[in-house]
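Structure, as structure tokens:
Chains as they are written, first to last, in this note's numbering: chain B, 53 to 449; chain U, 20 to 533.
Here's what the structure looks like:
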């Protein structure tokens with residue numbers, strides 16, 4: 053390329069107005085979400101001091117785990133630009149199947165869980181295949197799923213209440229929400245978690261420096277790690293005041309790490325974002341779009357089954373209302389956490405944060421014995437508010 | 020008052036965080052004049068238009084915009100429209116589901132008692148279209164029109180608002196030759212009606228054909244303004260790039276090797292409404308550039324898309340890749356087999372605009388960079404960096420969003436993504452559309468590099484000089500069939516055009532099927 057002057061000066065670039073505006077949008081969202089969370093906690097804390105008591109916070113941790121596990125699955129569906137309205141009914145159905153297998157058929161819990169999980173993944177893969185191969189919008193297929201799974205759920209449990217355990221004998225399902233990590237193990241686990249976070253922060257920072265990319269200052273990184281340490285320490289201290297770290301929180305941690313790695317460090321995750329950003333370009337770039345979307349639905353099925361076990365275990369038995377409207381909580385959590393409903397954007401940490409807001413609201417309202425009517429209205433209002441914010445901020449970026 | 024001036028930009032300076040996009044641009048527009056703005060991508064043309072059309076509001080820049088001798092304080096696009104400035108953008112802004120008439124009167128529908136007067140609207144639309152000599156039925160929906168006709172409707176829409184100053188940003192990028200002629204005729208008519216035009220185009224022939232004066236921008240500065248009657252192409256290019264480009268088409272021929280892609284008697288059925296492909300045969304050898312030309316709708320892009328597994332259903336025929344049968348495929352299979360496609364529509368088929376340069380570059384090559392599905396960040400970054408450097412992509416760094424880059428640099432990212440797959444056959448569909456002369460030559464250099472390395476290139480282009488200058492053999496398509504094949508040196512523009520129109524004279528069809 054000798055004929056054209058090779059070193060053109062910087063103004064050759066288009067005026068660079070990108071990241072600042074985007075960062076402003078993200079910063080604004082983070083800020084307002086943090087304020088919202090603090091406001092929610094203050095409000096319920098003042099209205100009923102028991103809200104911030106160890107026992108309730110422990111319950112909140114379990115409820116957060118259920119919401120967040122489902123929301124993380126939903127993240128993998130929304131990022132490529134789809135939606136799943138059927139997971140609430142799925143939670144009910146798979147909890148119901150496991151309860152019936154254990155209580156009515158006396159199956160060992162692990163076998164019942166394994167079979168149910170296989171069914172869940174197969175059904176969700178099927179829904180995904182219908183969506184991409186027959187070109188039916190996910191909205192319609194999963195809306196049909198919502199009704200069908202609800203019907204199946206009620207049929208499976210005969211519209212009765214089916215306990216998750218026989219008598220008081222604990223099993224793998226019931227332990228999901230009733231087993232707690234002993235204090236020492238809790239501290240050790242949190243220390244290990246912190247060490248892993250610190251190690252990956254430092255490593256990623258070093259890597260970015262070696263790539264010549266911009267990095268946060270050392271001080272910012274250290275204060276972020278201190279914040280992590282404080283958060284984790286606070287969590288384990290609160291938990292030990294009650295019965296220790298709930299197993300469900302550990303499960304959430306594992307799911308979060310898995311979804312984080314999938315979304316940020318795998319080919320599959322990249323493809324999800326590419327499909328959500330521009331499906332046609334992704335296809336022409338050689339992304340196997342159909343396979344990727346079907347696989348995302350498969351993971352959603354797996355997490356729906358897991359959420360179903362946890363939710364049913366938390367309630368103690370499968371009833372007709374288990375799982376109801378959880379899909380909307382999950383969607384709201386995703387959107388609150390910065391996931392774009394148009395696809396292409398969303399993070400694991402954001403979704404967990406969004407789940408925390410949703411779980412806190414529901415927990416607080418239940419604690420204050422707010423009537424179901426009002427709870428419905430509040431959930432609806434939060435969902436609308438979250439989507440409105442998403443639209444507002446999307447216009448900004 | 021010999022030098023009456025409609026619009027004047029006086030020493031405009033526009034700063035963005037970190038970059039000064041305009042560093043003092045001065046130019047003026049006379050009544051009934053077509054004034055062309057020329058400059059490479061990033062020279063500041065788009066920024067200047069945004070200043071003149073109220074997108075960058077009054078007060079956000081230094082210097083003055085004068086309209087009829089008074090300072091124009093345009094704070095919004097609406098303000099600019101009220102002052103009689105209308106902009107027609109490269110990207111279409113019409114509603115595809117609505118009719119031509121509805122689009123023309125969008126937002127200003129004639130009403131009677133609050134109810135839209137459809138008859139009046141269609142009548143007015145018909146009159147307007149007739150006035151500009153455009154034969155389009157105003158009852159048709161926009162979706163049914165080709166891109167070129169949609170563009171013409173856009174222009175009529177802008178003119179219907181009684182604009183005094185019309186700004187056209189690359190209006191012919193998507194137009195066919197005959198549509199370009201209609202557009203130029205419209206502009207000539209407008210001149211006699213006293214409407215002034217600011218005309219931005221990379222196609223210098225057009226600029227010389229239509230413009231009265233030409234102002235060159237480079238690096239955010241107005242370099243010179245010249246009378247078009249006395250300007251030459253090479254002079255314009257010299258001012259644009261700051262030095263002379265000796266060779267517009269630096270094709271370096273290499274000795275063709277083994278056949279890479281052999282297509283025999285291919286017939287393809289397209290989706291309903293689209294023309295299919297019939298009985299197409301050709302061959303591309305390693306180190307060779309095959310050009311494919313033809314009019315719009317002749318099936319050029321469709322042929323590439325089909326071979327890439329993204330268009331139509333094969334009825335008959337066979338495709339061999341390096342001597343092996345290539346089954347009906349999907350794009351991901353095509354890429355792993357060594358075929359890659361750079362689409363003509365980079366925003367639609369090329370890029371994930373809201374993601375970074377690096378994300379886009381490696382998107383097609385992640386298989387190679389992953390172990391058990393996990394992406395190796397060091398390896399990925401190294402490959403991205405190498406491509407970023409060798410293509411000289413101008414961006415802040417690899418994390419800059421692709422959507423924020425200029426057209427030429429976006430095109431380099433698409434090319435980089437394709438090359439990173441280490442292809443054996445490269446399909447380039449209009450790779451130089453809408454990019455400036457300097458970037459064009461860089462694309463051509465890249466084609467040379469590919470053929471030097473023994474890769475086979477198929478280059479689709481609607482510009483005949485590009486086909487003649489950059490390819491070794493040319494296949495002209497006409498209505499989904501082969502209209503003629505030519506060897507470099509034996510073809511000229513007339514022969515190619517005749518073949519594109521289905522009147523092949525110098526056809527050498529069949530010769531290559533030995």
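Note that CB positions come from ideal geometry on N, CA and C, so glycine has one too.
*DSSP-derived helix/strand/coil call for residue 424 of chain B*: Reading the first chain from its first residue, position 372 is the one you call residue 424 of chain B. Looking at residue 424 of chain B - three-state DSSP - the assignment turns out to be helix.
*If you drop the 5 nearest sequence neighbours on each side, which residues of the same chain put their C-beta closer than 6 Å to that of residue 456 of chain U?*
For the purposes of this step, residue 456 of chain U is identified with residue 437 of the second chain, where counting begins at 1. Excluding sequence neighbours, residue 456 of chain U sits near 256.
*Roughly how many angstroms lie between the CA atoms of residue 444 of chain U and residue 94 of chain U, to the nearest whole one?*
For the purposes of this step, residue 444 of chain U is taken as residue 425 along the second chain, with counting starting at 1. For the purposes of this step, residue 94 of chain U is taken as residue 75 along the second chain, with counting starting at 1. One C-alpha to the other measures close to 51 Å.
*Please name the residue in B:307, B:434 and B:439 whose C-alpha comes closest to that of residue 393 of chain B.*
As a first step, residue 393 of chain B must be located in the first chain, where it is residue number 341. Nearest C-alpha to residue 393 of chain B: B:439.
*asked:* I'd like to know whether the C-beta atoms of residue 118 of chain B and residue 146 of chain B end up nearer to each other than 9 Å.
replied: Position 66 of the first chain, counting from 1, holds the residue named residue 118 of chain B. Position 94 of the first chain, counting from 1, holds the residue named residue 146 of chain B. Contact flag unset, no.
*What span of residues does the beta strand (DSSP E) with residue 497 of chain U cover, start to end?*
For the purposes of this step, residue 497 of chain U is taken as the residue at position 478 of the second chain. Residue 497 of chain U -> beta strand (DSSP E) spans 492-497.
*Of the residues that make up the region 136-157 of chain U, which ones have a beta carbon closer than 7 Å to any beta carbon in chain B?*
none
*Straight-line CA distance for residue 74 of chain B to residue 276 of chain B?*
The count along the first chain starts at 1 and reaches residue 74 of chain B at position 22. The count along the first chain starts at 1 and reaches residue 276 of chain B at position 224. Legend: pLDDT at residue 74 of chain B = 49, less than 50; position of this residue unreliable, value from coordinates given subsequently. One C-alpha to the other measures close to 21 Å.
*What are the partner residues of residue 35 of chain U, as DSSP defines its beta bridges?*
To locate residue 35 of chain U, count along the second chain from 1; it is residue 16. In DSSP, residue 35 of chain U forms a bridge with U:38.
*9 Å Cβ cutoff, residue 65 of chain B in contact with chain U*: The residue labelled residue 65 of chain B in the question sits at position 13 within the first chain. Caution is warranted here: a pLDDT of 38 is assigned to residue 65 of chain B, below 50, making its placement in the model unreliable, and no coordinate value can be reported.
*Considering only residues of the same chain and omitting the five flanking positions on each side of residue 390 of chain B, which have a CB-CB separation below 6 Å?*
For the purposes of this step, residue 390 of chain B is identified with residue 338 of the first chain, where counting begins at 1. Answer for residue 390 of chain B: 81 and 402, listed in chain order.
*List the DSSP bridge partners of residue 470 of chain U.*
As a first step, residue 470 of chain U is located in the second chain; it is residue number 451 there, counting from the start. Partner(s): none; residue 470 of chain U has no beta bridge.
*With a cut-off of 8 Å, do at least 3 Cβ pairs link the region 383-398 of chain U to the region 410-419 of chain U?*
no
*For residue 16 of chain U versus residue 503 of chain U, is the C-beta spacing smaller than 9 Å?*
The question about residue 16 of chain U has no answer here: the residues shown for chain U are numbered 20 through 533.
*In or out: residue 450 of chain U buried (at least 16 other Cβ within 10 Å) or exposed?*
The count along the second chain starts at 1 and reaches residue 450 of chain U at position 431. It counts as buried.
*Between residue 261 of chain B and the rest of its own chain, which residues show a CB-CB distance below 8 Å, the 5 nearest in sequence each way excluded?*
Along the first chain, one-based indexing puts residue 261 of chain B at 209. Contacts found: 267.
*Runs of alpha helix (DSSP H) wholly within the region 197-261 of chain U (minimum 4 residues, chain order)*: 223-229 and 252-260
*asked:* Given this structure, state the Cα-to-Cα distance separating residue 181 of chain U from residue 211 of chain U, to the nearest angstrom.
replied: Position 162 of the second chain holds residue 181 of chain U. Position 192 of the second chain holds residue 211 of chain U. Rounded to the nearest angstrom, the two C-alpha atoms are 15 Å apart.
*Among all the DSSP beta bridges, which residues are the ones paired with residue 280 of chain U?*
As a working mapping, residue 280 of chain U is identified with position 261 in the second chain. Its beta-bridge partners are U:303 and U:340.
*So, are the CB atoms of residue 326 of chain B and residue 134 of chain B less than 9 Å apart?*
What you label residue 326 of chain B is simply residue 274 of the first chain in a count that begins at 1. What you label residue 134 of chain B is simply residue 82 of the first chain in a count that begins at 1. Not in contact: residue 326 of chain B and residue 134 of chain B (Cβ atoms no closer than 9 Å).
*Return no unless some Cβ of chain U is closer than 9 Å to the Cβ of residue 398 of chain B.*
Walking along the first chain from the start, residue 398 of chain B turns up at place 346. No, its Cβ sits nowhere closer than 9 Å to a Cβ of chain U.
_Using a 10 Å radius around the Cβ and a threshold of 16 neighbouring Cβ atoms, would you call residue 284 of chain U buried or exposed?_
Within the second chain, residue 284 of chain U is the residue found at index 265, counting from 1. Residue 284 of chain U comes out exposed.
*Could you give the distance in angstroms between the alpha-carbon of residue 92 of chain U and the alpha-carbon of residue 76 of chain U?*
Sequence index remark: in the second chain, residue 92 of chain U carries index 73 (1-based). Sequence index remark: in the second chain, residue 76 of chain U carries index 57 (1-based). Using only the alpha carbons, I get a separation of about 8 Å.
*According to the Cβ coordinates, are residue 294 of chain B and residue 101 of chain B closer than 9 Å?*
Position 242 of the first chain, counted from the start, is the residue given in the question as residue 294 of chain B. Position 49 of the first chain, counted from the start, is the residue given in the question as residue 101 of chain B. Cβ distance not < 9 Å, so residue 294 of chain B and residue 101 of chain B don't count as in contact.
*Tell me, please, which residues DSSP counts as bridged to residue 286 of chain U.*
Numbered from 1 along the second chain, position 267 holds the residue referred to as residue 286 of chain U. DSSP output for residue 286 of chain U lists U:335 as bridge partner(s).
_Three-state secondary structure (DSSP) of residue 235 of chain B_ = Here residue 235 of chain B is taken as the residue at index 183 of the first chain, counted from 1. Residue 235 of chain B: helix per DSSP, three-state reduction.
*Give the C-beta separation of residue 312 of chain U and residue 495 of chain U to the nearest angstrom, bearing in mind that I take them to be a contact with Cβ-Cβ under 8 Å.*
Translated into the one-based positions of the second chain, residue 312 of chain U becomes position 293. Translated into the one-based positions of the second chain, residue 495 of chain U becomes position 476. Going by Cβ atoms, the distance from residue 312 of chain U to residue 495 of chain U rounds to 5 Å, so yes, they are a contact pair.
_Contact with chain U by residue 187 of chain B, beta-carbon distance below 9 Å_ = Your numbering for residue 187 of chain B matches position 135 in the first chain. It does not; no Cβ of chain U falls within 9 Å.
*Based on Cα-Cα distance, which residue from U:242, U:302, U:119 and U:329 lies nearest to residue 277 of chain U?*
Position 258 of the second chain, counting from 1, holds the residue named residue 277 of chain U. The shortest Cα separation from residue 277 of chain U among U:242, U:302, U:119 and U:329 belongs to U:302.
_Unbroken alpha helix (DSSP H) run spanning residue 505 of chain U, endpoints_ = Against the second chain, residue 505 of chain U aligns to sequence position 486. Premise fails: residue 505 of chain U lies in the beta strand (DSSP E), 500-506, not in any alpha helix (DSSP H).
*Would you list, in chain order, the members of the region 332-347 of chain B that have their beta-carbon closer than 8 Å to a beta-carbon of chain U?*
332, 333, 334, 335, 336, 337, 338, 339 and 340
_Inter-residue spacing [alpha-carbon to alpha-carbon] between residue 421 of chain U and residue 329 of chain B_ = By one-based count along the second chain, residue 421 of chain U stands at place 402. By one-based count along the first chain, residue 329 of chain B stands at place 277. Approximately 12 Å between the Cα atoms of the pair.
*For the beta strand (DSSP E) containing residue 353 of chain U, list its first residue and its last residue.*
Sequence index remark: in the second chain, residue 353 of chain U carries index 334 (1-based). Where residue 353 of chain U is concerned, there is no enclosing beta strand (DSSP E), although the alpha helix (DSSP H) it sits in stretches over 350-356.
*Sequence-distant residues of the same chain with beta carbon closer than 6 Å to residue 54 of chain U, five excluded per side*: Locating residue 54 of chain U in the second chain gives position 35, counting from the first residue. Same-chain partners within the cutoff: 48, 217 and 232.
*Please classify residue 446 of chain U: does DSSP put it in a helix, a strand, or coil?*
As a position in the second chain, residue 446 of chain U is number 427, starting the count at 1. Correct three-state label for residue 446 of chain U: strand.
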